[in-house]
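In the numbering used here, the protein residues as written are -13 to 194.
No residue lacks a Cβ here, since even glycine has one placed at the ideal position from N, Cα and C.
No experiment lies behind these values; they were computed from the predicted model shown.
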(Lines of atoms letter the chains of each structure in order from A and count residues from 1; the text may use other names and numbers.)
(Lines give C-alpha, C1' and ligand atoms only; values in the text may rest on other atoms or scores of the structure.)
Protein backbone atom coordinates (compact mmCIF):
# COMPACT_ATOMS: atom_id res chain seq x y z
CA UNK A 1 0.00 0.00 0.00
CA UNK A 2 2.72 2.48 0.95
CA UNK A 3 4.60 1.83 -2.29
CA UNK A 4 1.50 2.51 -4.37
CA UNK A 5 0.66 5.65 -2.38
CA UNK A 6 4.01 7.17 -3.43
CA UNK A 7 3.65 6.32 -7.13
CA UNK A 8 5.81 3.23 -6.94
CA UNK A 9 5.50 0.19 -9.20
CA UNK A 10 5.46 -3.22 -7.53
CA UNK A 11 7.67 -5.52 -9.57
CA UNK A 12 7.55 -8.87 -7.80
CA UNK A 13 7.64 -10.77 -4.53
CA UNK A 14 10.85 -12.73 -3.92
CA UNK A 15 10.38 -15.07 -0.99
CA UNK A 16 9.75 -12.73 1.94
CA UNK A 17 10.97 -9.68 -0.01
CA UNK A 18 9.21 -7.20 -2.27
CA UNK A 19 10.87 -5.46 -5.21
CA UNK A 20 9.54 -2.11 -6.41
CA UNK A 21 10.73 0.81 -8.50
CA UNK A 22 9.80 4.41 -9.18
CA UNK A 23 9.91 6.66 -12.28
CA UNK A 24 8.37 4.02 -14.57
CA UNK A 25 6.08 3.53 -16.37
CA UNK A 26 5.11 7.13 -15.50
CA UNK A 27 7.92 9.65 -15.11
CA UNK A 28 8.36 10.90 -11.56
CA UNK A 29 10.88 13.72 -11.02
CA UNK A 30 10.77 13.08 -7.24
CA UNK A 31 11.32 9.33 -7.49
CA UNK A 32 14.24 9.26 -5.02
CA UNK A 33 12.31 11.17 -2.36
CA UNK A 34 9.16 9.12 -2.93
CA UNK A 35 11.06 5.85 -2.55
CA UNK A 36 12.40 6.97 0.83
CA UNK A 37 8.97 8.24 1.94
CA UNK A 38 7.52 4.84 1.05
CA UNK A 39 10.27 3.07 2.99
CA UNK A 40 9.66 5.13 6.11
CA UNK A 41 5.90 4.59 5.84
CA UNK A 42 6.48 0.85 5.51
CA UNK A 43 8.45 0.86 8.76
CA UNK A 44 5.60 2.67 10.50
CA UNK A 45 3.15 0.11 9.10
CA UNK A 46 5.30 -2.70 10.51
CA UNK A 47 5.26 -1.02 13.94
CA UNK A 48 1.46 -0.83 13.74
CA UNK A 49 1.28 -4.49 12.76
CA UNK A 50 3.53 -5.51 15.66
CA UNK A 51 1.33 -3.59 18.10
CA UNK A 52 -1.76 -5.36 16.73
CA UNK A 53 -0.06 -8.74 17.13
CA UNK A 54 0.73 -7.98 20.77
CA UNK A 55 -2.90 -7.00 21.45
CA UNK A 56 -4.20 -10.13 19.73
CA UNK A 57 -1.81 -12.40 21.63
CA UNK A 58 -2.98 -11.10 24.98
CA UNK A 59 -1.21 -10.06 28.14
CA UNK A 60 1.94 -11.98 29.00
CA UNK A 61 2.35 -13.62 25.58
CA UNK A 62 5.85 -13.58 24.08
CA UNK A 63 5.72 -12.08 20.59
CA UNK A 64 8.77 -11.86 18.36
CA UNK A 65 8.40 -8.52 16.55
CA UNK A 66 8.62 -8.48 12.78
CA UNK A 67 11.51 -6.46 11.36
CA UNK A 68 12.31 -5.42 7.79
CA UNK A 69 15.33 -3.95 6.06
CA UNK A 70 15.07 -1.77 2.95
CA UNK A 71 17.72 -1.00 0.33
CA UNK A 72 17.24 1.90 -2.10
CA UNK A 73 19.47 2.74 -5.03
CA UNK A 74 19.16 5.02 -8.06
CA UNK A 75 20.50 4.64 -11.58
CA UNK A 76 19.77 3.90 -15.24
CA UNK A 77 18.02 0.57 -15.80
CA UNK A 78 16.31 -1.38 -18.55
CA UNK A 79 12.57 -1.27 -17.79
CA UNK A 80 9.82 -2.98 -19.75
CA UNK A 81 8.20 -6.28 -20.62
CA UNK A 82 11.09 -8.70 -20.20
CA UNK A 83 11.05 -12.43 -20.92
CA UNK A 84 10.06 -14.70 -23.79
CA UNK A 85 7.03 -15.61 -25.87
CA UNK A 86 6.05 -18.09 -23.16
CA UNK A 87 6.47 -15.89 -20.08
CA UNK A 88 7.30 -12.26 -19.48
CA UNK A 89 6.61 -9.54 -16.96
CA UNK A 90 7.10 -5.82 -16.57
CA UNK A 91 10.34 -5.47 -14.66
CA UNK A 92 13.59 -3.54 -14.21
CA UNK A 93 17.07 -4.90 -14.86
CA UNK A 94 20.47 -3.41 -14.34
CA UNK A 95 23.41 -2.95 -12.03
CA UNK A 96 21.56 -0.37 -9.86
CA UNK A 97 18.89 -2.99 -9.13
CA UNK A 98 21.53 -5.47 -7.99
CA UNK A 99 23.13 -2.88 -5.70
CA UNK A 100 19.76 -2.05 -4.14
CA UNK A 101 19.33 -5.73 -3.28
CA UNK A 102 22.82 -5.81 -1.75
CA UNK A 103 22.05 -2.73 0.33
CA UNK A 104 18.93 -4.40 1.69
CA UNK A 105 21.08 -7.27 2.89
CA UNK A 106 23.54 -4.86 4.52
CA UNK A 107 20.93 -3.23 6.77
CA UNK A 108 21.36 -5.90 9.44
CA UNK A 109 25.11 -5.44 9.59
CA UNK A 110 24.77 -1.66 9.87
CA UNK A 111 21.94 -1.89 12.43
CA UNK A 112 19.74 0.48 10.43
CA UNK A 113 16.39 -0.17 8.77
CA UNK A 114 17.07 1.69 5.50
CA UNK A 115 20.23 2.00 3.42
CA UNK A 116 20.58 4.36 0.47
CA UNK A 117 23.17 4.40 -2.28
CA UNK A 118 25.17 7.51 -3.16
CA UNK A 119 23.09 8.57 -6.18
CA UNK A 120 19.86 8.33 -4.21
CA UNK A 121 21.36 10.50 -1.48
CA UNK A 122 22.62 13.01 -4.05
CA UNK A 123 19.20 13.37 -5.68
CA UNK A 124 17.45 13.79 -2.33
CA UNK A 125 19.82 16.56 -1.30
CA UNK A 126 18.59 18.34 1.82
CA UNK A 127 14.91 17.48 1.36
CA UNK A 128 15.18 14.54 3.78
CA UNK A 129 17.79 14.48 6.58
CA UNK A 130 20.36 11.78 5.76
CA UNK A 131 23.30 10.46 7.74
CA UNK A 132 26.34 8.72 6.21
CA UNK A 133 26.88 5.30 7.78
CA UNK A 134 30.19 4.31 6.27
CA UNK A 135 31.46 2.74 3.11
CA UNK A 136 30.96 -0.84 2.04
CA UNK A 137 32.30 -3.16 -0.61
CA UNK A 138 29.35 -5.18 -1.76
CA UNK A 139 29.61 -8.74 -2.96
CA UNK A 140 30.55 -8.97 -6.62
CA UNK A 141 31.91 -5.41 -6.75
CA UNK A 142 35.45 -4.08 -6.50
CA UNK A 143 34.65 -0.43 -5.73
CA UNK A 144 33.71 0.91 -2.31
CA UNK A 145 30.24 2.49 -2.02
CA UNK A 146 29.23 5.20 0.48
CA UNK A 147 25.89 4.47 2.11
CA UNK A 148 23.38 6.64 3.96
CA UNK A 149 20.28 6.28 6.11
CA UNK A 150 17.39 8.72 6.70
CA UNK A 151 17.06 10.08 10.23
CA UNK A 152 14.11 11.74 11.93
CA UNK A 153 15.71 14.99 13.08
CA UNK A 154 15.85 18.69 12.32
CA UNK A 155 19.14 19.12 14.18
CA UNK A 156 21.56 19.96 11.39
CA UNK A 157 24.32 20.51 13.91
CA UNK A 158 24.01 16.94 15.14
CA UNK A 159 24.15 15.66 11.57
CA UNK A 160 27.31 17.73 10.98
CA UNK A 161 28.92 16.28 14.11
CA UNK A 162 27.90 12.80 12.99
CA UNK A 163 29.45 13.34 9.54
CA UNK A 164 32.68 14.63 11.11
CA UNK A 165 32.88 11.54 13.33
CA UNK A 166 32.22 9.25 10.36
CA UNK A 167 35.10 10.88 8.47
CA UNK A 168 37.37 9.83 11.34
CA UNK A 169 35.91 6.29 11.25
CA UNK A 170 36.63 6.04 7.53
CA UNK A 171 40.14 7.43 8.05
CA UNK A 172 40.86 4.94 10.83
CA UNK A 173 41.41 7.64 13.49
CA UNK A 174 38.16 7.31 15.47
CA UNK A 175 38.21 6.30 19.15
CA UNK A 176 35.72 3.85 20.66
CA UNK A 177 35.65 5.94 23.86
CA UNK A 178 35.04 9.23 22.07
CA UNK A 179 32.46 11.13 24.18
CA UNK A 180 30.74 12.23 20.98
CA UNK A 181 29.32 8.73 20.61
CA UNK A 182 27.26 9.05 23.79
CA UNK A 183 26.12 12.56 22.83
CA UNK A 184 25.18 11.53 19.32
CA UNK A 185 23.33 8.43 20.56
CA UNK A 186 21.14 10.67 22.74
CA UNK A 187 20.65 13.28 20.00
CA UNK A 188 20.10 10.89 17.08
CA UNK A 189 18.28 7.88 18.60
CA UNK A 190 17.54 6.48 15.12
CA UNK A 191 21.26 5.63 14.96
CA UNK A 192 21.62 4.11 18.44
CA UNK A 193 22.12 0.60 17.09
CA UNK A 194 24.60 1.86 14.51
CA UNK A 195 26.62 3.71 17.16
CA UNK A 196 26.71 0.62 19.39
CA UNK A 197 27.94 -1.45 16.44
CA UNK A 198 30.55 1.21 15.60
CA UNK A 199 31.84 1.25 19.18
CA UNK A 200 32.20 -2.54 19.18
CA UNK A 201 34.00 -2.42 15.82
CA UNK A 202 36.44 0.26 17.00
CA UNK A 203 37.22 -1.64 20.19
CA UNK A 204 37.80 -4.82 18.21
CA UNK A 205 40.16 -3.01 15.87
CA UNK A 206 41.97 -1.46 18.84
CA UNK A 207 42.42 -4.89 20.43
CA UNK A 208 44.10 -6.17 17.30
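Using the rule of at least 16 other Cβ atoms within 10 Å of the residue's Cβ for burial, across every protein chain shown, is residue i buried or exposed?
{"i": "residue 133", "result": "buried"}
{"i": "residue 53", "result": "exposed"}
{"i": "residue 67", "result": "exposed"}
{"i": "residue -1", "result": "exposed"}
{"i": "residue 56", "result": "buried"}
{"i": "residue 111", "result": "exposed"}
{"i": "residue 146", "result": "exposed"}
{"i": "residue 174", "result": "buried"}
{"i": "residue 93", "result": "buried"}
{"i": "residue 9", "result": "buried"}
{"i": "residue 34", "result": "exposed"}
{"i": "residue 49", "result": "exposed"}
{"i": "residue 159", "result": "exposed"}
{"i": "residue 44", "result": "exposed"}
{"i": "residue 46", "result": "exposed"}
Just list the residues that DSSP pairs residue i with in beta bridges.
{"i": "residue -5", "result": "7"}
{"i": "residue 151", "result": "Looking at the DSSP assignment, residue 151 forms no beta bridge with any residue, so it has no partner."}
{"i": "residue 40", "result": "Residue 40 pairs with nothing; no bridge assigned."}
{"i": "residue 136", "result": "116"}
Would you identify the three-state DSSP class for residue i, choosing helix, strand or coil?
{"i": "residue 165", "result": "helix"}
{"i": "residue 70", "result": "coil"}
{"i": "residue 1", "result": "coil"}
{"i": "residue 12", "result": "coil"}
{"i": "residue 60", "result": "coil"}
{"i": "residue 195", "result": "What is shown of the chain runs -13 to 194, which leaves residue 195 out entirely."}
Can you name, in chain order, every residue of its own chain whose Cβ lies under 8 Å from the Cβ of residue i, other than the five neighbours on each side?
{"i": "residue 135", "result": "96, 98, 99, 100, 101, 102, 116, 117, 119, 176, 177 and 180"}
{"i": "residue 59", "result": "82, 83, 85, 86, 89, 102, 103, 105 and 106"}
Apart from the five residues on each side of it in sequence, which residues of its chain come closer than 7 Å, Cβ to Cβ, to residue i?
{"i": "residue 19", "result": "110, 113 and 114"}
{"i": "residue 149", "result": "118"}
Which ranges would you report for the alpha helix (DSSP H) in the stretch 72 to 123 if only whole runs of at least 4 residues count?
Runs of the alpha helix (DSSP H) lying entirely within the stretch 72 to 123, each at least 4 residues long, are 81 to 96 and 104 to 110 in chain order.
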